[in-house]
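A.B. asks: Let me give you the structure first, and then I'll get to my questions.
Residue numbers (full-length UniProt numbering): 1 to 1031.
Right, here's the structure in full:
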């Protein structure tokens, strides 16, 4: 007997005493972590109360609460029923010595929880449980949750180790909404409780309306468990089940030391067959998963596999010699014809020898052995990918899935070719056979390229991976028959290229499919068997892209025949035939994930079309990376699965999804940074800008970009999407333009937090009524929607002013500088107004004569009169932020895009001042000179450039202040209009500083922004009036 098998001494059954469920002493461990607050903990408490109520020995029942710690056990009366134990770490139930003692002294212990734990917690529980002997005690594991998901999705991670290792155990699920209790799985003394044949829906499970009904059923079934004092210690070795034990025919179960088994290397054929039986393999997988030993199990399974064996088509008739002679350019034509005839005969003899080798009966044993190992490895892979859900407790799920895999994907390591099958036949330029099976040669890929073909992205999205640049060059232009390709210069094409595989143009079915897959694994994946569905789609993409990109494969000559070179035509036809054959016969999962049924690729694409019709933006095809999306559409069209209408709708919907995904990716990349990166997006909305992120209000529809070519050009720079944006007609682009523009507006001005595209679309539908129409590309977006939304940041074309007549008299007025920081503080600077801001009891004469002491009260009165006047003139009704209480100065309020401005004026004067102050002295000198030349009508191009640069910088500074109508289309004109008064003020400032005549070199003036106060401005204006002799 193998060293990893253990047969224990038989237990003395006469000494084991059993007790009923009601009479059993019970220990309850309730999950009191923070996640159970509310209905979940109440549900646990009610369950414990219900079971405790029927207990015959209530005084001996014990209870504890656990979380990130475990309280000492107590009786029912002293228990503090509160979920106050922090996190979810059930290992502390076993680390608490008093808790472990309670388990040892109980006949049944109850583990109650509401949620899942990390894998490492499961492994720790398994290790502690074995070390401390907790698995001897009968166990009831209860999950409290809701039944909105299927039963097999219930997380059993907290109790999986107890269930897997205990002889007598039951897993229950309590729906806290209905209080119904379901049996997920049971074994040992509790086995009879699980009467369900299927576990795929709640309705099919054995269930009870209450704890009392559950206990009544247990009583009816006469469930008894061993008492704490007499029960047999559970061995650390694994029991693989009744079938395994019956096969060994020992008086006691033949247990397995898992650690020794995993280190045993190659085991006997008999042991391997028994170990790979469904019941035994299920038990082994569950034990290894719960103990964290799946990696060691994989190594053990791989050790059982026979080294790959392939029946090769070998040259037993000297074909290679004939090919070598034919390669000699000096061979005469007569000799060449003779050699070609002999070569064809040699090919025929080689095929006969190959057929005979296929019938070797000794290969059958190897085939069967490797098939079983592959099935076990697939089961292991499924176990690795799955979490600790109730599915792994199902009696049939694992074996049913294995049976399905074996029946639908029977690829084994012994592969053969059927030369009699349908294939693409043509004339070989080497042997000159005119009805030969042609071939496709694959060149050697770099190690990095093959690694890229096996990473997660390539496995999940093979249509995108097929477009990798390295893959695009893997096909050789060689197009000769399969046998000449095999027996030519080893590892090389007739053009001297290094070749990794030769693919025969034979029907992609049966044994031919196995052979082709094997060659593709070798050429594309460095021999790694990553799965036929992914590899087949990858290769089909390579073939299709080659046909469209390589001239030697007929690219550009799709609709021509007569004018195409015969060799190119045969290459194109061979690749096309192989491509069509592969995508027609390729088998994939219907839903393109591991849960789908196996089916053909065309049927799976039919599902994709239906999924798109049902799910739209959240469908599988729309979430496919854009690099492979167009390939998906091509295959759907080639197979006549996607109609033109479906393709159009898919493209339009993908456009929306890809655009939003690109934005959200850029948003994440630029989190915490300025929003300058959104400027290209604003350029697809508006025609002109005052600043990078401030569009210019040109008046109505003129502000909005309407040029489709300009829109498309800007968009392709922001959203690089390979060929996705190519070949759209102007009409197709125009239909999507309004949708993208509205989406852009919402994204740029409202989306500041990163999220997924799926979440964004869901939130958008709930917030924006128009989103329902916008995101359904089959419908029409209302014609005025773009105008209303995009112009919503600008002042309305006919705003409702507080004082329309007063605004009309000020519209377009040039309000000059009267102090270094802006317009007058003594009166309105508009020529048609001139209203005084002085207090009623103060005259201008008194001010100029120095008779007024400017107290804070008087200064505040000036400020308020100025404020009231500016609000009356420039304020817009309907803006709650404009009122005399909130505005202290009357200057425009902050414009918070995308809200409309509160006033029609801007902080133009101070913007000009700040821009001037930031210039170097030379820049000031040059600007002053250029302005003087301009006013004298003697301005050259250099002067125009200097003035233009300053005006643009001033405009940007005004926009940077962010107050008032920063979208004004007349801002540059208004800046130019006040510059003469600005220079005059600077000259006066120099004169005041020198107390003598006017100074012309305004570049010398230095601003003191500490004097930007109303009292300083009054003094300045008074001095100016005096110097000008106006008072």
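Ideal placement from N, C-alpha and C gives every residue a C-beta, glycine not left out.
Between residue 237 and the rest of its own chain, which residues show a CB-CB distance below 7 Å, the 5 nearest in sequence each way excluded?
C.D. replies: These residues qualify, in order along the chain: 6, 255, 256, 257.
A.B. asks: Within the same chain, show all residues whose beta-carbon is closer than 7 Å to that of residue 287, passing over the 5 residues directly before and after it, in chain order.
C.D. replies: 164, 238, 258, listed in sequence order.
A.B. asks: Below 8 Å between beta carbons: does that hold for residue 483 and residue 350?
C.D. replies: Against a cut-off of 8 Å, the Cβ pair of residue 350 and residue 483 comes out as a contact.
A.B. asks: Between the C-alpha atoms of residue 150 and residue 577, what's the straight-line distance to the nearest angstrom?
C.D. replies: Distance between the alpha carbons of residue 150 and residue 577: 44 Å.
A.B. asks: If you run the structure through DSSP and keep just helix, strand and coil, what is residue 580?
C.D. replies: Three-state DSSP puts residue 580 in a helix.
A.B. asks: Only counting the same chain, and skipping five residues up and downstream in sequence, which positions put a Cβ closer than 8 Å to that of residue 765?
C.D. replies: So the list reads 771, 772, 775, once near-sequence residues are dropped.
A.B. asks: For residue 892, collect the residues of the same chain with a Cβ closer than 8 Å to its Cβ; drop the 5 residues on either side in sequence, then sort them by chain order.
C.D. replies: Once the five neighbours on either side are set aside, the close Cβ partners of residue 892 are 874, 901, 902, 903, 905, 906, 907, 963, 964, 965.
A.B. asks: What are the complete beta strand (DSSP E) segments, minimum 3 residues, inside the segment 684 to 769?
C.D. replies: DSSP runs (the beta strand (DSSP E)) wholly in the segment 684 to 769: 689 to 691.
A.B. asks: Does DSSP put residue 239 in a helix, a strand or coil?
C.D. replies: Coil, per DSSP.
A.B. asks: Using beta-carbon positions only, say whether residue 544 and residue 478 come within less than 8 Å of one another.
C.D. replies: No, Cβ-Cβ distance for residue 544 and residue 478 is not below 8 Å.
A.B. asks: Based on DSSP bridge pairs, tell me the residues matched to residue 1040.
C.D. replies: Summary: the structure shown does not reach residue 1040, with the chain confined to residues 1 through 1031, and so no result is reported for it.
A.B. asks: Is it the case that the segment 187 to 199 contacts the segment 168 to 179, given that we only count it when at least three CB pairs across the two stretches are under 8 Å?
C.D. replies: Touching, yes, given that three or more Cβ pairs across the two stretches are closer than 8 Å.
A.B. asks: For the alpha helix (DSSP H) containing residue 546, list its first residue and its last residue.
C.D. replies: Taken as a continuous stretch (DSSP letters only), the alpha helix (DSSP H) holding residue 546 covers 532 to 549.
A.B. asks: For residue 707, which of 954, 693, 736 has the nearest alpha-carbon?
C.D. replies: Of 954, 693, 736, the residue nearest in Cα terms is 736.
A.B. asks: Can you check whether the CB of residue 47 is closer than 8 Å to the CB of residue 111?
C.D. replies: Result no, Cβ atoms of residue 111 and residue 47 do not sit closer than 8 Å.
A.B. asks: In the DSSP assignment, find the unbroken beta strand (DSSP E) run with residue 668 in it and report its ends.
C.D. replies: Here residue 668 belongs to no beta strand (DSSP E); instead the alpha helix (DSSP H) covers 644 to 669.
A.B. asks: Assign residue 13 to one of three DSSP states: helix, strand, or coil.
C.D. replies: In this structure, residue 13 counts as helix in the three-state DSSP scheme.
A.B. asks: So does the segment 747 to 765 actually touch the segment 717 to 732, counting three or more Cβ pairs closer than 8 Å?
C.D. replies: The segment 747 to 765 vs the segment 717 to 732: no contact.
A.B. asks: Quick check on residue 865: does DSSP put it in helix, strand or coil?
C.D. replies: In this structure, residue 865 counts as helix in the three-state DSSP scheme.
A.B. asks: Just the C-alpha distance for residue 411 and residue 640, rounded to the nearest angstrom, thanks.
C.D. replies: Its pLDDT being 30, under 50, residue 411 is placed unreliably by the model, and the measurement read from it follows with that caveat. Cα to Cα, residue 411 sits roughly 29 Å from residue 640.
A.B. asks: In three-state terms, what does DSSP make of residue 907?
C.D. replies: Coil, per DSSP.
A.B. asks: Taking all protein chains shown into account, do 16 or more other C-beta atoms lie within 10 angstroms of the C-beta of residue 832, making it buried, or fewer, making it exposed?
C.D. replies: Exposed, because fewer than 16 other Cβ atoms sit within 10 Å of the Cβ of residue 832.
A.B. asks: Taking 8 Å as the limit between beta carbons, can you name the residues of its chain near residue 201, skipping five residues before and five after?
C.D. replies: Cβ within range, chain order: 150, 151.
A.B. asks: List the residues that DSSP assigns as beta-bridge partners of residue 207.
C.D. replies: Note: residue 207 sits in a beta bridge opposite 182.
A.B. asks: Is the CB-CB distance between residue 445 and residue 464 below 8 Å?
C.D. replies: Contact: no.
A.B. asks: By the three-class DSSP mapping on this structure, what secondary structure does residue 787 have?
C.D. replies: Helix, per DSSP.
A.B. asks: Pick helix, strand or coil for residue 638, following the three-state DSSP scheme.
C.D. replies: Helix, per DSSP.
A.B. asks: Inspect the beta-carbon positions of residue 108 and residue 138 and report whether they are closer than 8 Å.
C.D. replies: Yes; because the gap between Cβ atoms is below 8 Å, this pair is in contact.
A.B. asks: Would you report the Cα separation of residue 1002 and residue 752, rounded to the nearest angstrom?
C.D. replies: Each residue's Cα considered, the two are about 45 Å apart.
A.B. asks: If residue 458 and residue 449 are in contact, beta carbons under 8 Å, what's the gap, nearest whole angstrom?
C.D. replies: With 8 Å as the limit, residue 458 and residue 449 do not qualify as a contact, their Cβ atoms being about 10 Å apart.
A.B. asks: Quick one: what does DSSP say residue 860 is sitting in, helix, strand or coil?
C.D. replies: Here residue 860 sits in helix by DSSP.
A.B. asks: Are the segment 490 to 503 and the segment 655 to 674 in contact at 8 Å, needing three or more beta carbon pairs?
C.D. replies: Touching, no.
A.B. asks: Just to check my reading of the structure: residue 817 and residue 909 have Cβ atoms closer than 8 Å, yes? What is that Cβ distance to the nearest angstrom?
C.D. replies: With a Cβ gap of about 6 Å, residue 817 and residue 909 count as contacting.
A.B. asks: Over what stretch of residues does the beta strand (DSSP E) that includes residue 143 continue unbroken?
C.D. replies: 138 to 145 is the extent of the beta strand (DSSP E) around residue 143.
A.B. asks: Please give the ranges of any beta strand (DSSP E) in the segment 466 to 516, keeping only runs that are unbroken, at least 3 residues long and fully inside the region.
C.D. replies: If we require 3 residues or more, the beta strand (DSSP E) runs fully inside the segment 466 to 516 come out as 499 to 504.
A.B. asks: For residue 398, which of helix, strand or coil comes out of DSSP?
C.D. replies: The predicted model places residue 398 with a pLDDT of 44, which falls under 50 and marks its position as unreliable; any figure quoted below should be read in that light. The answer is helix: DSSP assigns residue 398 an H, G or I state.
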